[in-house]
Amino acid sequence: MSFAKIPKPDDLINIAYAPPASEWMKTPVDFRPGTWSYSAAGKNLASLDLPNPRAWQPTDEDWKLPENWKEIIIEGMRDRLGKYRSFRLFMDICVRCGACADKCHFYIGSGDPKNMPVLRAELLRSVYRRYFTTSGKRFGKLAGARDLTVDVLKEWFYYFYQCTECRRCSVFCPYGIDQAEITMMGRELLNLVGCNINWVLEPAANCFRTGNHLGIQPGGIKDMLEFMTDDIEDRTGVRVDVPLNKKGADILFVTPSADYFVGRRQFRPLCVPRHDQAP
Amino acid sequence: MMILLISVITIFIIILLALGIAMSPAMVFILTGIIPYVVFVILLAGFAHRIITWGRTPVPFRIPTTCGQEKSLPWIKANPVENPAGALGVIARMVQEIFLFRSLFRNTDVKIIGGRPVYDGAKWLWFFGLLFHVSLLIIVLRHLRFFTEPVIPCVGMLSALDGFLEIGVPALYLSDVALLAGFTFLFLRRVIIPQLRYISLFTDYFALLLIAGVAVTGLLMRHFFPADLNALKTLTMSWITFAPVVPEGIGVLFSMHLCFVFFLIAWLPFSKLAHAGGIFMSPMRNMANNNRSLRHVNPWNAPVKVHTYAEYEDEFRDKMKAVGLPVEKE
Ligand code: HEM
Ligand code: SF4
Ligand code: SF4
């Protein structure tokens, strides 16, 4: 996550729930320090064969999108509207009753109206209306539609990565509208033009290459496991034999990743900004 | 606030249109002889189109929202409705959603009190939302008296029950009062609560105002400027026998009532009011949660690019050998 001064509890609980004076379509996203994650590094995109690997950060003016990014997103939307009923239905039937609004921890904790699940969905729904419904094509803003622009994409990035896909909103919605589904669609669309966060893609790329999300190489794994057996011996007096990479074993024992952290007495947060990426 | 103004203006345009229609016999002919059929076809075709589009779109994953303990081991108490394991549970769940607005009943609100978020129940939306819809349903059912001859007995009974307080002549229907109460709450809520005003679109105001327009003109015709019910019934019965008997002229209020109703019916399938059909299609509510008891396969599991052990070993062979890990290829 981008670094910010760590706020005091009193500041944190001082949440203003009143929406801003300017209407939401006219309120551009503000990448405040501490509220967004660094972009996925190009090497991680490349190692997972994902589109548009490059160096960029969300606070950059130019996100280095592909030439035809708009077309890619709209075609991606069309594709997904035909593949997932949840997506299509949830684009169509929300009545904006607001029952989901104050159920999201991101809204409760930030007071940012675009973190109300209903408005998070409208970020995408407004674009859906503009390109996929007759009323949106014809009446534009009056029908709740808006053009897809780079600013809209940036807003998506900010708010779709501020949803943990916990589905609490869906529990309270009278139609079960599940923001998690919409967030997934939003993130998939962002991925089509190479906009992901490193929190997601670095572990994924590491798993792909080394079989663990920290990117620990064979020697490191062996060290840690030996350290653990030493520890066990210290406490219990029993020396455990840890067979590694043994062909035809009957049992596969998977240690939680936290054990590796502790074993190494070393913490390696994934969010450390690299010198070439610091904002 | 701008869009609220535009929705009010749109309502006035419909009123003016209705006034114009009432003036001209030719327009009355169109309104009472042709439009009813057009509107009915739009409603059916529009709704069918909606349902078919949704219905044909696949649901590749089992994604019901679970609001209770899943069925698992016999000694763990499951919640068969909030986390249905089979069709029966799903039906019970859907019935509750549709007739009781179960999920809305869970509603809470949050306030920051003394430096802590405090959660409390908030049932008013549920209460007035349900009141609004139930009265809407009763009103629609009561209207069947215009389309059946002799009037189906249960419709007559419903009307009698609805008017049992016998306030005024003709008796005031409770459902009319309830609808207006529901409307007032939902509308004021939208206008007054800042967050709700912030998310509201033109259609949100317009849908409510349109329904209120229907209700108010109906009430005025019943209690203040009585319409000729015999002539009216002749007209409505002639519609369903496909031989419309077009009246010479119609009252201004009746013209408005019809214009609002026809607009509402024709717009319904294309607006957010399609939630009436959509609620039945929502995978979050109409699927059983049998994720763990049955195997489900994603129909379009993309060919996934995998990184094989051989590739892993190729990359790390030297390092593996250096720390004494067994390798397959030397
Ligand atoms: C199966 C039938 C239906 C069900 C289960 C249903 C359910 C709901 C629920 C749960 C809400 C949200 C709570 C609320 O705001 O009241 C809602 C809102 C609404 N419904 Fe329905 N509904 C149905 C049919 C209809 C029909 C046929 C109409 C109109 C012709 C209608 C008009 C509305 C309106 C205008 C709202 C929005 C209220 C607001 O602005 O806050 N509904 N519906
Ligand atoms: S609770 Fe459901 S219908 Fe109501 S605003 Fe939220 S998503 Fe829309
Ligand atoms: S699924 Fe996302 S939007 Fe919904 S409550 Fe959870 S974090 Fe908020």
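Protein sequences appear in the order of chains D and H.
Going by this note's numbering, the first residue of the first sequence is number 28, and it counts up by one from there.
Going by this note's numbering, the first residue of the second sequence is number 770, and it counts up by one from there.
In this text, a Cβ means the ideal position worked out from N, Cα and C, and glycines have one as well.
Secondary structure note for K880/H: its beta strand (DSSP E) is the uninterrupted segment 877-882. Bridge partners of P886/H according to DSSP: I881/H. Boundaries of the alpha helix (DSSP H) harbouring Q964/H: 963-968, taken from the DSSP string.
Straight-line measurement puts the Cα of F117/D at about 41 angstroms from the Cα of F933/H. At a Cβ-Cβ threshold of 8 angstroms, V56/D and Y185/D count as neighbours. By the neighbour-count criterion, in which a residue is buried when 16 or more other Cβ atoms sit within 10 angstroms of its Cβ, A232/D is buried. By the rule that beta-carbons nearer than 8 angstroms mark a contact, Y1081/H touches chain D. Across the structure, L1022/H and L988/H are spaced so that their CA atoms are roughly 10 angstroms apart. With respect to chain D, the C-beta atom of T1010/H has no partner C-beta closer than 8 angstroms.
Of all residues in the stretch 860-891 of chain H, only E866, F870, S872, L873, R875, N876, T877, D878, V879, I881, G884, R885, P886 come within less than 8 angstroms of chain D when Cβ atoms are compared, listed by chain position. Ranking P1038/H, L1094/H, L1063/H by CA distance to the CA of V808/H puts P1038/H first. Pairing D889/H with T877/H, the inter-Cα distance amounts to about 5 angstroms. In this structure the stretch 119-127 of chain D touches the stretch 138-157 of chain D; the number of beta carbon pairs closer than 8 angstroms is three or more. Here I224/D carries a strand assignment [DSSP, helix/strand/coil]. Across the structure, V1073/H and F1029/H are spaced so that their CA atoms are roughly 55 angstroms apart. Residue contact check for E182/D against chain H: no CB pair falls below 8 angstroms. DSSP lists I224/D as the beta-bridge partner residues of S66/D. In this structure, the C-beta of V879/H stays at least 7 angstroms away from each heavy atom of ligand 2.
Uninterrupted alpha helix (DSSP H) stretches at least 4 residues long and entirely within the stretch 903-955 of chain H occur at 922-931, given in chain order.
Per DSSP, reduced to three states, the secondary structure at T237/D is helical. Annotation for P1052/H indicates a beta carbon at 7 angstroms or more from all heavy atoms of ligand 2. Residue burial is scored here from C-beta neighbours: F114/D has at least 16 other C-beta atoms within 10 angstroms and is therefore classed as buried. Of all C-beta pairs linking the stretch 975-991 of chain H to the stretch 164-175 of chain D, fewer than three are shorter than 8 angstroms, placing the two stretches out of contact. Spatial neighbours of R107/D in its own chain (CB-CB distance under 6 angstroms, excluding positions within 5 residues in sequence) are listed in chain order as F114, M212. For Y806/H, no CB of chain D lies under 8 angstroms from its own CB, so it is not counted at the interface with that chain.
Shown in chain order are the members of the stretch 204-226 of chain D whose Cβ falls below 8 angstroms from a Cβ of chain H: I204, D205, E208. Around N223/D, the same chain offers A67 as residues with beta carbons nearer than 6 angstroms, after the five sequence neighbours per side are excluded. Separation of P849/H and F868/H (C-alpha to C-alpha, rounded to the nearest whole angstrom) is 18 angstroms.
Here F897/H is buried, its C-beta having at least 16 other C-beta atoms within 10 Å.
In terms of beta-carbon proximity, I782/H stays away from the interface with chain D, with every pair separated by 8 angstroms or more. For Q206/D, the Cβ falls inside the 7 angstroms cut-off from some heavy atom of ligand 3. The three-state secondary structure of F870/H, taken from DSSP, is coil. For N272/D, the secondary structure class from DSSP, reduced to helix, strand or coil, is coil. For V960/H, the nearest beta carbon of chain D is not closer than 8 angstroms to its own beta carbon. For T1005/H, same chain residues with a beta-carbon under 8 angstroms away, outside a window of 5 residues either side, are F915, F916 in chain order.
H1076/H: not part of any alpha helix (DSSP H); DSSP gives it neither H nor E.
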